[in-house]
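Just below is one structure, and these are the notes that go with it.
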Ligand code: C2O
Ligand code: CU
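Residue numbers (the working numbering): 6 to 502.
Written as C-alpha cells, this is what we have:
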C-alpha cells in the first residue's frame with residue numbers, strides 16, 4: 006500500500022484563488038494533477054490483503070492555505086485499491102484518528118457485517134478487518150467512513166479513496182478501454198473546500214439546507230490541476246466525494262464526453278453526452294478524445310439544482326467553474342478508438358426480467374431530512390428483504406430540494422421514465438447504479454437485485470448521500486433474510502400519495 010506522498014501539495018505553484026470562475030484556460034490550470042497511489046495489496050493463501058490507516062494532519066491544499074485534513078496512509082485522501090472479480094480480499098483498517106470511524110465499501114455487494122456502517126465502528130487506536138469475495142462486474146467503487154452522525158466531517162477532510170474492481174487480475178478484460186492507471190486511465194476525485202477571504206482555511210461551516218459547500222474545488226487534492234496526456238484517448242473515472250455539491254460535467258467550448266461506465270460498471274454502449282451530472286457519491290467513467298496539440302478543459306456547468314453559493318470564486322450564482330485542464334500529446338499517433346459496444350449484458354437482461362408481475366414494490370418518500378417520515382434509529386430495522394429477491398423500489402422526492410438515494414450492498418437499475426433527460430445528457434442513469442439523484446417532485450423506479458447473504462441481525466443502510474442529510478438521519482436500515490422467514494414480511498411502508 007502506498008503512502009499519500011503523491012498527494013502532498015508541496016509542488017503547488019503560487020496563484021490566486023480567483024481563476025476558478027471562468028478559468029481562462031491558459032496558465033491558471035498548471036499544477037500537475039496528483040494521482041492517488043495504486044495499491045494492489047499482497048496475495049497470500051488465496052487472499053489479497055490491504056492495509057489502511059486513517060490519520061489526521063495538515064495539508065496545503067491551496068497555495069498558502071493549510072487545512073486540517075484526514076487521509077488513509079497519508080494526510081489527505083487514500084490509495085486506490087484494486088482487485089479483481091472473484092478474488093477474496095481482506096482490508097485491515099486502523100484508526101489513527103482521535104475520533105471513532107468506520108470504513109464503508111461504497112458500491113460493493115458484500116455481507117452486511119463487512120460493510121463498514123455505523124454498526125462496525127472502529128474506535129481510536131483499534132483495527133477492524135473486513136473480508137469478502139468480490140462478486141460483481143468491474144467498476145469504479147470507493148471507500149469512506151460512515152460513523153453514526155459524523156460522516157460529513159470525516160469525508161470532507163479527505164477520508165475517501167477509490168476501490169477499482171477489474172474483471173481479471175492485471176487488467177485483462179478491460180473491454181478495449183484505456184486501462185493504464187494514472188496514464189490513460191485517470192481517477193478524478195472531486196471535492197470542494199472553503200477558503201475564507203484573506204486565505205484562511207475555513208472548517209466547519211454548514212450551509213443549511215444542503216450541508217457544507219466550499220468555494221474552491223480540488224481534483225485529487227490538486228487546486229487548478231493540469232493533466233498532460235500521453236495518449237489520444239483518456240478514460241476519466243470521476244467520483245463526486247463532496248458533501249453536497251453536484252457537478253455537471255462537460256467540456257468547455259463544446260465536445261462530447263463518451264460515457265462508458267456509471268457507479269457499478271460499464272454501460273452497454275458508449276453514450277456521447279454533452280453533460281454528465283454527478284450528485285454526491287456517484288461515479289462516471291468517461292472517455293475524452295484529444296486532438297493533437299489542443300487542450301481541453303473539463304468544466305462543471307450551471308444546473309438547476311439550487312446549490313449555487315453565489316461565491317464568485319465558484320462562478321457566482323451560475324455555479325460554473327473549471328475543474329481540470331488536459332493537454333493532448335504533441336503529434337499523437339492515431340491510437341485507440343472509442344469502442345462501439347461494451348460487455349454489460351447482465352444489466353440489460355435484468356432490466357427485461359426484473360419487472361415481472363409479482364415483484365414487491367416498496368415506496369420511499371424523501372422529505373426535507375427524513376425518509377417515509379422517519380429519521381434513522383440505529384436499533385430499528387425498517388424493512389427486511391428475502392435473500393436473492395429482485396424488488397422494485399419507488400423513490401419519490403416530495404420535498405422542494407434535490408436529494409439522492411443510495412442503497413448499500415447492491416447495484417440497481419434505474420427504470421427509464423418518460424421525461425428523462427438522457428437524450429440531452431442531463432442524467433447519467435444508465436447501467437448499474439448504487440446512488441441516484443432525485444429532483445424535487447420527481448419519482449424514480451429502481452430495479453434492485455439483492456444479494457444471497459442472509460443475516461437477520463446486521464442491517465444495511467439506505468440514505469440520502471448529501472452527507473449532512475445523512476448525518477441528520479435521512480437514512481433507514483434493511484436486513485436481507487432467508488426467504489420465507491417471518492422477518493421477510495414486514496408491513497410495507499406507507500404508499501406514496
Ligand atoms: Cu457512500 Cu452509506 O454511503
Ligand atoms: Cu438529502
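Ideal placement from N, C-alpha and C gives every residue a C-beta, glycine not left out.
List the endpoints of the continuous beta strand (DSSP E) containing residue i.
i, result
"residue 156", "From DSSP, residue 156 is part of no beta strand (DSSP E) but of the alpha helix (DSSP H) over 156-161."
"residue 480", "480-486"
"residue 408", "408-412"
"residue 196", "190-201"
"residue 331", "326-332"
"residue 387", "No beta strand (DSSP E) holds residue 387; DSSP gives it neither H nor E."
"residue 507", "Nothing can be reported for residue 507, as the shown portion of the chain is limited to 6 through 502."
"residue 268", "Per DSSP, residue 268 belongs to no beta strand (DSSP E) and is neither H nor E."
"residue 62", "52-67"
"residue 76", "70-77"
"residue 463", "460-468"
"residue 85", "85-89"
"residue 111", "109-111"
"residue 231", "230-233"
"residue 82", "Note, residue 82: premise wrong, no beta strand (DSSP E); not H, not E."
Report buried or exposed for residue i, applying the criterion of at least 16 other Cβ atoms within 10 angstroms of its Cβ.
i, result
"residue 221", "buried"
"residue 405", "exposed"
"residue 364", "exposed"
"residue 457", "exposed"
"residue 380", "exposed"
"residue 428", "A caution first: residue 428 carries a pLDDT of 39, below 50, which makes its placement in the model too unreliable to give a value."
"residue 132", "exposed"
"residue 462", "exposed"
"residue 383", "exposed"
"residue 63", "exposed"
"residue 488", "exposed"
"residue 185", "exposed"
"residue 499", "With a pLDDT of only 44 at residue 499, under 50, the local geometry of the prediction cannot be trusted, and no value is derived from it."
"residue 299", "exposed"
"residue 76", "buried"
"residue 297", "exposed"
"residue 490", "exposed"
"residue 166", "buried"
Just to check my reading of the structure: residue i and residue j have Cβ atoms closer than 8 Å, yes? What is that Cβ distance to the nearest angstrom?
i, j, result
"residue 371", "residue 251", "About 16 Å; that fails the 8 Å criterion."
"residue 246", "residue 196", "5 Å"
"residue 200", "residue 70", "6 Å"
"residue 139", "residue 90", "5 Å"
"residue 248", "residue 471", "7 Å"
"residue 416", "residue 286", "About 13 Å separates the two Cβ atoms, so there is no contact after all."
"residue 59", "residue 102", "5 Å"
"residue 327", "residue 313", "At roughly 16 Å, the Cβ-Cβ gap does not stay under 8 Å, so residue 327 and residue 313 are not in contact."
"residue 435", "residue 34", "Their Cβ separation, rounded to whole angstroms, is 30 Å, which puts residue 435 and residue 34 out of contact at 8 Å."
What residue does the alpha helix (DSSP H) around residue i start on, and which one ends it?
i, result
"residue 472", "472-476"
Are the CB atoms of residue j and residue i within a distance shorter than 8 Å?
i, j, result
"residue 88", "residue 170", "yes"
"residue 466", "residue 482", "yes"
"residue 366", "residue 399", "yes"
"residue 145", "residue 321", "no"
"residue 244", "residue 110", "no"
"residue 302", "residue 256", "yes"
"residue 229", "residue 36", "yes"
"residue 38", "residue 227", "yes"
"residue 446", "residue 402", "yes"
"residue 503", "residue 291", "Outside the displayed range of the chain (6 to 502) lies residue 503, so it cannot be described from this structure."
"residue 278", "residue 304", "no"
"residue 236", "residue 341", "yes"
My output table needs one value for residue i: the three-state DSSP class, helix, strand or coil.
i, result
"residue 174", "helix"
"residue 490", "coil"
"residue 182", "coil"
"residue 319", "helix"
"residue 212", "strand"
"residue 117", "helix"
"residue 250", "coil"
"residue 140", "coil"
"residue 427", "Residue placement at residue 427 is poorly supported in this model, since its pLDDT is 46, which falls under 50; the coordinates are not used for a value here."
"residue 370", "strand"
"residue 455", "coil"
"residue 296", "coil"
"residue 2", "Past the boundaries of the shown model lies residue 2; the chain is included only from 6 to 502, so the question cannot be answered."
"residue 437", "coil"
"residue 40", "coil"
"residue 220", "coil"
"residue 450", "strand"
"residue 166", "strand"
"residue 123", "coil"
"residue 104", "coil"
Is there a C-beta anywhere in chain D that falls below 8 Å from the one on residue i?
i, result
"residue 226", "This model lacks chain D altogether; it includes just one protein chain."
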